[in-house]
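Asker:
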Amino acid sequence: MRTLAELLANGLLLGGIYALMACGLNLIFGVMRVINFAHGEFLAFGALLGVSLVIGHGVPFLVALVLVAAAMGVFGYLLQAALIERVVDGPPIMSLLLTYSVSTILVNAGILIWGGGYRGMPGVFSGSVPVLGMNLSQARLVAFAIALGLTGLVYGFLARSMLGKAIRAVSELPEIATVSGIAAARIRYLTFGLGGMMAGAAGVLMAPMFASDPQMGARFVIKAFTVIIVGGMGSYAGALVGALLIGIVEVTGGYVLGQTFGTAILYVLMIGFLLFRPSGLFGLRVVAR
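All residue numbers for the sequence shown refer to our numbering, where the first residue is 2 and numbers rise by one.
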């Protein structure tokens with residue numbers, strides 16, 4: 002029973018970090034209807050920059066988190082303004098190919114900067130913490146608390162601030178938002194920057210738990226896609242619930258079947274939702290006419 006409780010708890014903790022990553026991806030899709038294949042590379046750069054600052058230069062972890070999140074947010078803003086904005090109104094395949102190309106370029110840039118090997122944060126939030134009779138990873142507890150806090154802040158920003166309401170307006174009623182005087186292009190720049198910031202922050206939070214390398218983005222972006230397919234494309238609440246569910250499935254499946262088969266369960270789950278509930282748990286149903 003204790004083992005089951007620890008598996009569920011660790012799954013929830015991992016899911017909280019996945020939520021931060023997936024909510025950024027879902028936010029970009031919700032506003033621009035663009036599936037960002039380069040989202041995983043924002044996470045990978047976030048992790049590697051975090052390792053470089055904390056281990057290489059002795060920067061405190063929380064300071065590194067803020068610096069990296071800000072840097073990836075600015076990078077996302079500039080990337081949207083310089084490249085992706087040009088294909089937003091084009092066929093979906095154009096944005097897919099463009100973000101995939103950006104992903105490939107960033108992977109190779111990461112290898113040039115950091116090499117192809119693995120990097121970690123040894124000694125940062127190491128060890129376990131006793132919680133209700135369970136021994137839980139300190140790194141996962143800290144990362145979960147920060148990720149959930151950041152996810153909540155972004156949700157509050159979207160729900161209550163004027164800029165957040167403008168982002169929601171462009172997402173839900175783009176034509177009316179433009180007629181109302183909202184600068185839709187600027188909103189898209191900010192949205193992509195916000196998504197990049199969330200991915201970069203998730204990367205830093207993952208660095209104490211997982212070995213980081215320039216190619217890690219591909220592994221985690223698939224999990225992010227699984228989260229938003231399960232939770233529902235364009236649904237912020239769905240991404241949160243889907244992430245927690247995916248975290249539990251991954252940790253429990255890995256314990257029961259081994260890491261390889263545990264990851265494979267995620268793909269089976271994603272295929273099942275695509276076939277039988279493509280709108281996800283909270284997504285809007287699309288009716289073909």
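Beta carbons are placed, not taken as given, at the ideal position from N, Cα and C, and that holds for glycine.
Computed from a predicted model, the values in this text were never measured in an experiment.
Have a look at Gly194, Leu195, Ile168 and flag the residue whose alpha-carbon is nearest the alpha-carbon of Asn182.
Answerer: Working through the sequence shown from its first residue, we reach residue 182 at position 181. The sequence given here places Gly at residue 182; Asn does not occur at that position. If we check each option's Cα against that of Gly182, Ile168 comes out closest.
Asker: If we count Cβ pairs, one from each stretch, closer than 8 Å, do we get three or more for the region 239-248 versus the region 56-67?
Answerer: Touching, no, given that fewer than three Cβ pairs across the two stretches are closer than 8 Å.
Asker: For Gly165, collect the residues of the same chain with a Cβ closer than 7 Å to its Cβ; drop the 5 residues on either side in sequence, then sort them by chain order.
Answerer: Working through the sequence shown from its first residue, we reach residue 165 at position 164. Once the five neighbours on either side are set aside, the close Cβ partners of Gly165 are Phe158, Leu159.
Asker: Who does Asn136 pair with in a DSSP beta bridge?
Answerer: Counting from one through the sequence shown, the residue named residue 136 turns up at place 135. Bridge partners of Asn136: Pro131.
Asker: Per DSSP, which residues does Arg120 bridge with? Please list them.
Answerer: If you number the sequence shown from 1, residue 120 lands on position 119. Arg120 is bridged to Ser213.
Asker: Excluding the 5 residues preceding and the 5 following Leu113 in the sequence, name in chain order all residues of the same chain whose CB lies nearer than 7 Å to its CB.
Answerer: Taking the sequence shown and counting its residues from 1, one reaches residue 113 at position 112. Cβ neighbours of Leu113 beyond the five flanking positions: none.
Asker: Give every residue of the same chain whose Cβ lies closer than 8 Å to the Cβ of Arg44, excluding the five residues on either side of it in the sequence, and list them in chain order.
Answerer: Looking up residue 44 in the sequence shown gives position 43. Per the sequence presented here, residue 44 reads as Leu, with Arg not at that position. The residues are Met22, Ala200, Gly201, Ala203, Gly204, Met207, Met217, Gly218, Phe221, Val222.
Asker: Should Glu251 go down as buried or exposed, given a rule of 16 or more other Cβ atoms within 10 Å for buried?
Answerer: Residue mapping note: residue 251 aligns to position 250 of the sequence shown, counting from 1. The residue in question, Glu251, is buried, as its Cβ has 16 or more Cβ neighbours within 10 Å.
Asker: How would you call Glu176, buried or exposed, if buried means at least 16 neighbouring beta carbons within 10 angstroms?
Answerer: Indexing the sequence shown from 1 puts residue 176 at position 175. Under this definition Glu176 is an exposed residue.
Asker: If contacts are defined as beta-carbon pairs under 8 Å, then Leu107 and Ala39 qualify, I think. What distance do you get, rounded to the angstrom?
Answerer: In the sequence shown, residue 107 corresponds to position 106, counting from 1. In the sequence shown, residue 39 corresponds to position 38, counting from 1. That pair is a contact at about 6 Å.
Asker: Exposed or buried, Leu28, counting other C-beta atoms within 10 Å across all chains shown (16 or more means buried)?
Answerer: On the sequence shown, residue 28 is found 27 positions in, with the first residue counted as 1. So Leu28 counts as buried.
Asker: Taking the beta carbon of Val67 as the centre, do at least 16 other beta carbons fall within 10 Å, making it buried, or is it exposed?
Answerer: Numbered from 1 along the sequence shown, position 66 holds the residue referred to as residue 67. By the neighbour-count rule (16 or more Cβ atoms within 10 Å), Val67 is not buried but exposed.
Asker: What's the C-alpha gap between Pro209 and Ile94?
Answerer: Along the sequence shown, one-based indexing puts residue 209 at 208. Along the sequence shown, one-based indexing puts residue 94 at 93. If I take the Cα positions, the gap works out to 36 Å.
Asker: Can Leu50 and Val75 be called in contact, C-beta distance under 9 Å?
Answerer: On the sequence shown, residue 50 is found 49 positions in, with the first residue counted as 1. On the sequence shown, residue 75 is found 74 positions in, with the first residue counted as 1. Contact: no.
Asker: Taking the beta carbon of Asn37 as the centre, do at least 16 other beta carbons fall within 10 Å, making it buried, or is it exposed?
Answerer: On the sequence shown, position 36 is the one that residue 37 refers to. By the neighbour-count rule (16 or more Cβ atoms within 10 Å), Asn37 is buried.
Asker: Tell me whether Leu245 sits in a helix, a strand or coil according to DSSP, three-state version.
Answerer: Within the sequence shown, the letter at position 244 stands for residue 245. Here Leu245 sits in helix by DSSP.
Asker: DSSP three-state label for Asn109, please.
Answerer: Along the sequence shown, one-based indexing puts residue 109 at 108. Three-state result, Asn109: helix.
Asker: Use the C-beta contact count for Val171: other C-beta atoms within 10 angstroms, 16 or more gives buried, fewer gives exposed.
Answerer: Taking the sequence shown and counting its residues from 1, one reaches residue 171 at position 170. The residue in question, Val171, is buried, as its Cβ has 16 or more Cβ neighbours within 10 Å.
Asker: I need the straight-line Cα distance from Ser102 to Pro123, nearest angstrom please.
Answerer: By one-based count along the sequence shown, residue 102 stands at place 101. By one-based count along the sequence shown, residue 123 stands at place 122. Going by the C-alpha atoms only, they are around 33 Å apart.
Asker: Thinking C-alpha only, which one of Pro279, Ala10, Tyr19, Leu8 is nearest Ala148?
Answerer: Position 147 of the sequence shown, counted from the first residue, corresponds to residue 148. Nearest option by C-alpha distance: Tyr19.
Asker: Under 9 Å, do Gly239 and Leu282 count as touching if we go by C-beta distance?
Answerer: Translated into the one-based positions of the sequence shown, residue 239 becomes position 238. Translated into the one-based positions of the sequence shown, residue 282 becomes position 281. It is a contact, given that the beta carbons lie within the stated cut-off.
Asker: Which same chain residues end up closer than 6 Å to Phe262 when comparing Cβ atoms and leaving out the 5 residues on each side of it in sequence?
Answerer: Locating residue 262 in the sequence shown gives position 261, counting from the first residue. Closer than 6 Å at Cβ, skipping near neighbours: no residue.
Asker: Using CA atoms only, rank isn't needed, just tell me which of Gln260, Ile230, Gly254 is closest to Phe30.
Answerer: Your numbering for residue 30 matches position 29 in the sequence shown. For Phe30, the nearest C-alpha among the options comes from Ile230.
Asker: According to DSSP, simplified to helix, strand and coil, what is Met73?
Answerer: On the sequence shown, position 72 is the one that residue 73 refers to. Looking at Met73 - three-state DSSP - the assignment turns out to be helix.
Asker: Alpha carbon to alpha carbon, how far is Thr253 from Asn136?
Answerer: One-based indexing of the sequence shown puts residue 253 at position 252. One-based indexing of the sequence shown puts residue 136 at position 135. The alpha-carbon atoms of Thr253 and Asn136 are separated by roughly 16 Å.
Asker: Buried or exposed for Asn345, please, with buried defined as at least 16 other CB atoms from any protein chain shown within 10 angstroms of its CB.
Answerer: The structure shown does not extend to residue 345, since the chain spans only 2 to 290, so no value can be given for it.
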